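For reference, the structure is listed below as structure tokens.
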Amino acid sequence: MKIVLIIGDGMADRAVEALGFKTPLQVTEHRNLDALVRNGSSGTMDTIDAGVAPGSDTAHLALLGHNPYEIYSGRGPFEAAGVGIEVRPGDVAFRANFSTVDANNIVIDRRAGRIKDRTAELAKDLNMKIAGVQIICRESTGHRAALVLRGKGLGHNLSDTDPHKLGEKVKTAKALDKRSAKAAKVLNEFMKRSRAILETHPVNIERKKQGLPPANSLLTRGVGVVPTIEKFEEKYGIKGSCVCGTGLIAGVMRACGLETILVPKGGDLDSDLIAKANHAISLLKTNEFCLLHVKGTDNRSHDGDVEGKKKMIGKLDEMIGFLTTNLKEDAVFAVCADHSTPLEVRDHTADPVPLCISGRQVRKDGVQRYDEISCSKGALGRIKGTRLIHILLDLAGKSKLYGA
Ligand code: ZN
Ligand code: ZN
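Take 4 as the starting number for the sequence shown in the numbering used here and just add one per residue.
Here you go:
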């Protein structure tokens, strides 16, 4: 028996005025989602806890059964793992932007003209060693990059070098506790050296010739320390996998020991969800668990794009139809969101998300539709995100008996 967990990122919503005070899930047609609901039990879920608005990273950690309060210190480590850096426990990692600054280090463009090409060449030349600390830089999508400091005695309690505003100077990283003094010193020295390297880098000389803003400074934020996380197979005794559309989620999944396929161009209305479903089907040949993550619902929500979000839900429904038709093995399916991203708020909120669990033996509770309100009337009641994986393992006959 396989386990398939489908996550519509930020799919859950609140009452939307433009939709007659209904949610996008309530007004959208989604036959395949409803078929899953009718073949199982529904409920709602606080991914982290009641009243806590989750980030996608902390939400996904919780959905894999981890307590994010114990292991999460910032987004950097998961971004770094997502771009393929083999992070190790104790590494201090950052998210970074290639940006454009003037001669006085005043930020003119936080994204260096949304630079797309040749950032790999820039990142490669920023790998170095300072005071015995190894510095690893790797490009991500667009103007984004990840930065890792690896060495002894590094704390991670540091302020950002990103001023988060145009017209302000690149900030000096400050150690916010004693333990982080060395990391701050190394990072500030790196900022100086990398600034000089980038200013005269052939890629930037070429950009200036073309009238494009040079990517002449990195800006860092989202610092965190790479935690020790028990790997999925050790924790649950089965092999796990994931198909996802963003580097951040790929990073979380890899850090948790899941075989992960990051589908490029996976983040929005143009993403090929049938290709994702096909990846999931092939991963399930050698894995017993697959988490299938769809990002577009969250992007449309952050943009306040009502029609786009409805369309994305339609695409997700199509993907589910394809998956349930083409997956040959018996499986327990679950569908949820990692958090709510209400269209009118354009940010994550703590509203519980709808959840359905579907399968041959799963109790049929009579709920007919997949949406926030219908699911809240189902047999699962209101559960916490960290319990979901345990419920799925039990339904798939893979849980261990507690007691005798
Ligand atoms: Zn999310
Ligand atoms: Zn979001």
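For every residue, glycine included, the Cβ atom is placed at its ideal position computed from N, Cα and C.
Just so we're clear, the structure is a prediction, and the values are computed from it rather than from any experiment.
Residue i versus residue j: straight-line alpha-carbon distance, rounded
{"i": "cysteine 359", "j": "glycine 13", "result": "16 angstroms"}
{"i": "glycine 227", "j": "arginine 182", "result": "14 angstroms"}
{"i": "valine 365", "j": "serine 162", "result": "49 angstroms"}
{"i": "serine 244", "j": "lysine 403", "result": "21 angstroms"}
{"i": "phenylalanine 292", "j": "phenylalanine 325", "result": "18 angstroms"}
{"i": "leucine 346", "j": "alanine 53", "result": "20 angstroms"}
{"i": "alanine 38", "j": "glutamine 371", "result": "8 angstroms"}
{"i": "histidine 282", "j": "lysine 298", "result": "16 angstroms"}
{"i": "methionine 315", "j": "asparagine 107", "result": "44 angstroms"}
{"i": "glutamate 89", "j": "threonine 344", "result": "31 angstroms"}
{"i": "alanine 199", "j": "serine 220", "result": "9 angstroms"}
{"i": "asparagine 207", "j": "arginine 41", "result": "57 angstroms"}
{"i": "glycine 43", "j": "glycine 388", "result": "18 angstroms"}
{"i": "threonine 327", "j": "glutamate 82", "result": "31 angstroms"}
{"i": "arginine 114", "j": "lysine 185", "result": "28 angstroms"}
{"i": "leucine 150", "j": "glycine 87", "result": "11 angstroms"}
{"i": "alanine 99", "j": "aspartate 333", "result": "43 angstroms"}
{"i": "alanine 148", "j": "glutamate 142", "result": "4 angstroms"}
{"i": "glutamate 124", "j": "cysteine 378", "result": "49 angstroms"}
{"i": "isoleucine 10", "j": "glutamate 171", "result": "39 angstroms"}
{"i": "isoleucine 32", "j": "arginine 390", "result": "Residue 32 is actually glutamate in this sequence, not isoleucine. Spanning the two alpha carbons is a distance of roughly 29 angstroms."}
{"i": "leucine 251", "j": "proline 230", "result": "15 angstroms"}
{"i": "proline 92", "j": "phenylalanine 193", "result": "21 angstroms"}
{"i": "glycine 23", "j": "aspartate 306", "result": "19 angstroms"}
{"i": "aspartate 354", "j": "histidine 342", "result": "7 angstroms"}
{"i": "asparagine 160", "j": "alanine 21", "result": "43 angstroms"}
{"i": "glycine 145", "j": "leucine 295", "result": "24 angstroms"}
Residue i Cβ short of 6 angstroms to ligand 2 heavy atom set
{"i": "glycine 254", "result": "no"}
{"i": "aspartate 354", "result": "no"}
{"i": "aspartate 52", "result": "no"}
Simplified DSSP assignment, three categories, for residue i
{"i": "serine 59", "result": "helix"}
{"i": "methionine 4", "result": "coil"}
{"i": "glycine 43", "result": "strand"}
{"i": "histidine 282", "result": "helix"}
{"i": "threonine 164", "result": "coil"}
{"i": "aspartate 333", "result": "coil"}
{"i": "lysine 298", "result": "coil"}
{"i": "arginine 93", "result": "Per the sequence shown, residue 93 should be read as glycine rather than arginine. It is coil, neither helix nor strand."}
Residue i CB to nearest heavy atom of ligand 1 below 6 angstroms
{"i": "aspartate 16", "result": "no"}
{"i": "glycine 13", "result": "yes"}
{"i": "aspartate 306", "result": "no"}
{"i": "serine 274", "result": "no"}
{"i": "aspartate 341", "result": "yes"}
{"i": "serine 59", "result": "yes"}
{"i": "aspartate 49", "result": "no"}
{"i": "aspartate 301", "result": "yes"}
Chain D within 7 angstroms of residue i, Cβ atoms only
{"i": "glutamate 192", "result": "In the structure shown, chain D cannot be found, because there is only a single protein chain."}
| Can you give, in chain order, each stretch of the beta strand (DSSP E) that sits fully within the region 193-266 and has at least 3 residues? | 220-228, 243-247, 262-265
| In chain order, each alpha helix (DSSP H) run of at least 4 residues that lies wholly inside the region 346-401 | 375-378, 388-398
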